[in-house]
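So the working numbering is basically just the index in the sequence shown, starting at one, shifted up by 254. One structure below.
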Amino acid sequence: MIGNYSKLVYRFGFILLFSLPSMALIQKFFSLMGILIYMLIVTLVVRLLLKFRAKIFSFVSKFYLTILAFIIIFGIACFAFVYPLETSGVLGRGSDRDEALNIAFWEFVQGRYPYFAVTHLGGKITPLPGSILLASPFILLGNSAYQNLFWLAIFLLLTSVYLKSHISAILMLMFLAVLSPAFQYEYISGGDLIANSIYILTAIFLQTKALSSNSFIAKFSTSIFTGITLASRSNFLTLLPLLFVLFWRSSGKRVALTYLSLSVLTLISIVMPFYLVLPNEFPPFFAGNKLSEINTSIPFASTGIILLTLLASVLLSLHLFKVSKSHLLPSCILYCAIVQAFPMVCGILLMSILKSQLDFSLLLHRYGLMFLFFDLWGLWPLLLVNSSSKSTLSL
255 MIGNYSKLVY RFGFILLFSL PSMALIQKFF SLMGILIYML IVTLVVRLLL KFRAKIFSFV
315 SKFYLTILAF IIIFGIACFA FVYPLETSGV LGRGSDRDEA LNIAFWEFVQ GRYPYFAVTH
375 LGGKITPLPG SILLASPFIL LGNSAYQNLF WLAIFLLLTS VYLKSHISAI LMLMFLAVLS
435 PAFQYEYISG GDLIANSIYI LTAIFLQTKA LSSNSFIAKF STSIFTGITL ASRSNFLTLL
495 PLLFVLFWRS SGKRVALTYL SLSVLTLISI VMPFYLVLPN EFPPFFAGNK LSEINTSIPF
555 ASTGIILLTL LASVLLSLHL FKVSKSHLLP SCILYCAIVQ AFPMVCGILL MSILKSQLDF
615 SLLLHRYGLM FLFFDLWGLW PLLLVNSSSK STLSL
């Protein structure tokens, strides 16, 4: 059981990690006062969900299919109508993350090195090859932006299994869609950060379950899939110490070492051929390193932050040895959120010091989404679960 003080700490942590990815967008249009109001709104909604939990669960349970149908229809319609306007620049400058994947894929198919290309905004191709590979089915269907629709459906399904409650899962999705401007903008702009975060989370969940089974095919295939997903963005490599301890605790040291090594070998085999072409200026490692912007004022700041992030990952992975097996997966997922958020928080603090005011601009391109889904899975079970069903964690 979790004490009242711990509940308050978890709730504060959830609200902070949930709000952080959207703070740059809100600061841009509404200043710091807007951020304060936004956090108060998120806090109020969490309080209302907790206070009226039983009634909310009862209502959603009664009208579940209607609510699900509305979410699907509204989500598809919103994307179909707004995405073309946003990506064409009618609603602003537009985003080129979807275009980057499209261009990289077709450059590769035509036998050219994909990382020489640039987008219409002049941006370099910064996703690692794993992102391009995972987006390829959707690019063949017409656009990499379509992958968000698919992976959000997977997220809802997998969250229902993870929480052992389809009601909690759909409430989580509605909470995210309504209260996260960063999620909303990434969705209508067709950026890949939503899909990227979800398939990393999916890989961790599936591999954890597979390694505890007796199926070699399940262990092998999920390990390969995890390797492909880790080859999507370099920041996810900092999760490796946590994954090793998670697999060790859940399946044994030998199994963990064998199959995580397979994941790492898969990652290397995907990334290395592209990296060796431009080892000194590989765009995903250099152009994609947003922390490097701080280096002009504080030399080697980005290197220091990356090393501290790795240290944080190792320390949190060691703490996983103290966590009970029933709480192991949720705790690991929460620690993944912390590790992904850590370098961004460090960057925000340094930027704020340099500018002598709070500055969240480092997250303006919605990179906070890379820890948002981990935050939801790590702390939602402690906040809102159906009292009539068993959850991953107990309040």
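Every residue, glycine too, gets a C-beta built ideally from N, C-alpha and C. Quick caveat: nothing in here was measured; it's all calculated off a predicted structure.
Pick helix, strand or coil for residue i, following the three-state DSSP scheme.
i      : result
Val531 : coil
Lys378 : strand
Val372 : strand
Asp629 : helix
Leu612 : coil
Phe446 : Here residue 446 is Asp; the residue named in the question, Phe, does not match the sequence. Three-state result, Asp446: coil.
Ser580 : helix
Ile559 : helix
His420 : helix
Gly329 : helix
Arg301 : helix
Lys644 : Only weak support is given to the placement of Lys644: the predicted model assigns it a pLDDT of 43, under 50, and the question is left unresolved by the model.
Gln364 : coil
Tyr621 : coil
Asp350 : coil
Ala323 : helix
Ala485 : coil
Ile552 : coil
Phe539 : coil
Ser312 : helix
Met255 : Caution applies to Met255, whose pLDDT of 45 falls short of 50 and renders its modelled position unreliable; the model cannot decide the point.
Leu649 : Unreliable placement is indicated for Leu649, whose pLDDT of 26 sits below 50; the coordinate value is still reported in the next sentence. In the structure shown, Leu649 sits in coil (DSSP, three-state: anything other than H, G, I, E or B).
Gly396 : coil
Gly343 : coil
Gly506 : coil
Asn356 : helix
Phe317 : coil
Asn468 : coil
Phe306 : coil
For residue i versus residue j, is the C-beta spacing smaller than 9 Å?
i      : j      : result
Pro275 : Leu626 : yes
Ile524 : Ala485 : yes
Glu440 : Arg265 : no
Gly445 : Asn397 : no
Leu496 : Cys590 : yes
Leu532 : Ser477 : no
Ile379 : Ile357 : yes
Thr341 : Ala399 : yes
Ile424 : Val336 : no
Gln594 : Phe554 : no
Ser615 : Gln281 : yes
Gly622 : Ala464 : no
Leu403 : Gly329 : yes
Ser260 : Val296 : no
Val300 : Phe268 : yes
Met624 : Phe474 : no
Tyr513 : Gln461 : yes
Phe693 : Ile291 : Since the first and last residues shown for the chain are 255 and 649, residue 693 lies out of range.
Leu271 : Leu633 : yes
Tyr416 : Phe459 : yes
Ile552 : Leu603 : no
Ser466 : Ser505 : yes
Which whole-angstrom value describes the C-beta separation of residue i and residue j, a residue pair presumed to lie in contact below a C-beta threshold of 8 Å?
i      : j      : result
Met598 : Leu618 : That belief does not hold up - the Cβ atoms of Met598 and Leu618 are roughly 11 Å apart, past 8 Å.
Leu427 : Ile325 : 7 Å
Trp570 : Leu582 : Note that residue 570 is Leu in the sequence shown, not Trp. Incorrect: roughly 13 Å between the Cβ atoms, too far for contact.
Ile421 : Phe311 : 5 Å
Gly384 : Thr483 : 6 Å
Phe359 : Ala389 : 7 Å
Phe333 : Ile442 : 7 Å
Exposed or buried, residue i, counting other C-beta atoms within 10 Å across all chains shown (16 or more means buried)?
i      : result
Ala323 : exposed
Arg487 : buried
Lys644 : At Lys644 the pLDDT is 43, less than 50, meaning the model places this residue with poor confidence; the figure from the coordinates comes in the next sentence. Result: exposed.
Trp631 : buried
Leu636 : buried
Pro584 : buried
Thr492 : buried
Thr557 : exposed
Phe317 : exposed
Thr652 : Because residue 652 is not part of the residues shown, which for the chain are 255 to 649, the question remains open.
Pro368 : buried
Ser567 : buried
Ile522 : exposed
Leu588 : buried
Pro381 : buried
Ile559 : buried
Ser578 : exposed
Leu545 : buried
Indicate whether the contact test is met: 3 or more Cβ pairs, each with one atom in the region 494-505 and one in the region 525-539, closer than 8 Å.
no
Tell me whether the region 353-362 and the region 372-385 touch, counting them as touching only if at least three CB pairs, one residue from each stretch, are closer than 8 Å.
yes
When the Cβ atoms of the region 449-465 are set against those of the region 405-424, are three or more pairs found closer than 8 Å?
yes
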